[in-house]
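What follows is a short report on a single structure.
Residue numbers (this note's numbering): 1 to 475.
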C-alpha cells in the first residue's frame, strides 16, 4: 500500500484504469492516513466503511480528493474555518467539487483554512492552526494551508484550494508542492463561500505539475450558475515539454528585490539559470504599479468582504448567539462571537473604505490602481511570454511569529497579489530549499494561457528535480 500512496495522482489514475491498482485499496489507504492526521489538516474526514463506487474509466479514476472547507459540499460540514458556520451542512455542492467527483475523484476530506480565507498562515481558523509537515513549529501558509499541508504530508494525493490574493500559491511554496491559480473565470465560483467575489478563484494543489494539469482539466468549465465563469478556450493536455527554447521570461525588479529573504532570492536566481540552460531568454521587465498592489488589494478585498459577510446574521443558517433581548442585539452578539479577530478587522476596514465621504478616496482609488496593474501586465506581454518572481518573500515562518503584526502578515502576499488583481493565471513550483525549508518559484502568464504556463512549469520542474521529502517519509 505504501507504494500506491507514493504515486502521483496521475500515475495512480493510470494504474487504476489499467487494472493494476484497486481504487478501494487506494481509498482505504488515504482515508486511514487522513483519519490519523496530526497536523490539523482536516476539519472532516470521510467515515470508515465501504469505499465509494467509482468508474475506472473516468479521467480521475477513483483518486480521492481533499477539498478546502470554503467549498459547499452537500450534507458534509462546510464551515469556512469559522465558528459562525460551525457544523453547517449545505443542501448543495459547489460546481468545482461536483465536476471533480463526477470525473471520478471521491471526496476524502475537508481541509482546514484561515477563517473565510482571510490569512497567510492558517492560524486564523476557529478549529486551530495547521502545522507545516516540514517543521511542525512553522506555519504551512494560507489560507489554503490545510490543503497544502495534507498534500505535502501524503495525507491526500491532491487537493483544491482558493486563491484571492495568493492563498493557493503561497502555501504551496511554503509546503514544497505545486499550486495553480487559474485565470479568473476559468473555474466556477458557484458554491465557494465568498470572500472577495471579484478576486476569488479555485485551483489545484498537487505533488507535481502533471497532477495540476489533470485536475484543472476536470474543473475548468463555463457554469450557468456563475455569470463570471468562462471556462478555458481549449482542453488541458498533460504537459510534456522538455525545454524552454523560444520562451521569453520577464523578471520584474519591483517584485524581486527588497524584502525577499537572501535564501529565497538565491533559489530564485538558480531557477532562472536553469531556465536559461533550457533555452529561455531571461530579461528584466517593469511592473511599475506592482509596489502599490498590496495597498490596493487590502482595500478592495476587505470592501467586498464587508458586503459578502453581511449575510451571516444568525437568522438563516449558522451560529446564533444566546441571550439577546432584541433583533439588533442578536445580530451584534452573533457576529461578535462568531467571527474571529482577522475577519472583524477586514470587515471594519472594508466598511470604512466604502463609507460615505471615503469611497472615492480609498475604494475608488484602489480600483484605479488595479486597472493600472492590469495595464502593466498587458504591456509586459508585448515582450514576454511569462513573468517570473519568487512566490513568497520567505520560507515558512514560526507559528505565532506574525499574528500580532497584521502588516507583517500581509507582506507574505507581496509577490502574489498583483496577479490576482489582474485576474491572470500563475503557478508556484518548488525550486529548492533554504535553511531546510521549501522555496517557491512563480510563473505568471496572460489570461487563459494555462496550457502554455503548465508546459513551461513542467519543463522547469523536470530540470529542478525537487524531492518532496515529507510525503516520501510518510509513505
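Glycine included, every Cβ here is placed at the ideal spot set by N, Cα and C.
Along the beta strand (DSSP E) that carries residue i, what are the first and last residues, could you check?
i	result
residue 442	437-444
residue 374	Run containing residue 374: none in the beta strand (DSSP E); it sits in the alpha helix (DSSP H), 365-381.
residue 160	158-163
Any beta carbon from chain D within less than 7 Å of residue i's own beta carbon?
i	result
residue 297	Reference to chain D is not applicable here, since this structure consists of a single protein chain.
Round the Cβ separation of residue i and residue j to the nearest angstrom and send it over; I've been treating them as touching at under 8 Å.
i	j	result
residue 178	residue 428	7 Å
residue 263	residue 305	Not a contact, Cβ separation roughly 34 Å.
residue 133	residue 153	4 Å
residue 232	residue 210	17 Å between Cβ atoms; not a contact.
residue 48	residue 31	7 Å
residue 275	residue 244	6 Å
residue 414	residue 393	6 Å
residue 314	residue 82	Actually they are not in contact, since the Cβ atoms of residue 314 and residue 82 sit about 13 Å apart, beyond 8 Å.
residue 12	residue 63	5 Å
residue 390	residue 206	Not confirmed; about 20 Å, so no contact.
residue 51	residue 27	4 Å
residue 164	residue 420	6 Å
The alpha helix (DSSP H) with residue i in it runs from where to where?
i	result
residue 14	9-17
residue 347	341-354
residue 211	209-219
residue 149	145-153
residue 167	Segment: none, residue 167 is in no alpha helix (DSSP H) and carries neither H nor E.
residue 411	Where residue 411 is concerned, there is no enclosing alpha helix (DSSP H), given that its DSSP letter is neither H nor E.
residue 329	327-338
Would you identify the three-state DSSP class for residue i, choosing helix, strand or coil?
i	result
residue 134	coil
residue 187	coil
residue 202	strand
residue 232	coil
residue 387	strand
residue 530	Summary: the structure shown does not reach residue 530, with the chain confined to residues 1 through 475, and so no result is reported for it.
residue 226	coil
residue 475	With a pLDDT of only 41 at residue 475, under the threshold of 50, the placement of this residue in the model should not be trusted; the figure read from the coordinates follows. Residue 475: coil per DSSP, three-state reduction.
residue 3	helix
residue 21	coil
residue 454	helix
residue 289	coil
residue 362	helix
residue 175	helix
residue 447	coil
residue 124	coil
residue 464	helix
residue 315	coil
residue 39	coil
residue 241	coil
residue 459	helix
residue 263	helix
residue 403	coil
residue 270	helix
residue 418	helix
residue 321	coil
residue 253	helix
residue 302	helix
residue 392	coil
residue 29	helix
residue 495	Outside the displayed span of the chain (1 to 475) sits residue 495, for which this structure offers no information.
Based on the DSSP output, what are the partners of residue i in its beta bridges?
i	result
residue 248	281
residue 192	71
residue 181	426
residue 45	109
residue 398	138
Any heavy atom of the ligand GTP within a distance shorter than 6 Å of the CB on residue i?
i	result
residue 44	As far as ligands go, the structure on display features none, and thus does not contain the ligand GTP.
| query | Which full runs of the alpha helix (DSSP H) of 4+ residues lie inside the stretch 51-119, going along the chain? | reply | Fully enclosed alpha helix (DSSP H) runs of 4 or longer: 95-102.
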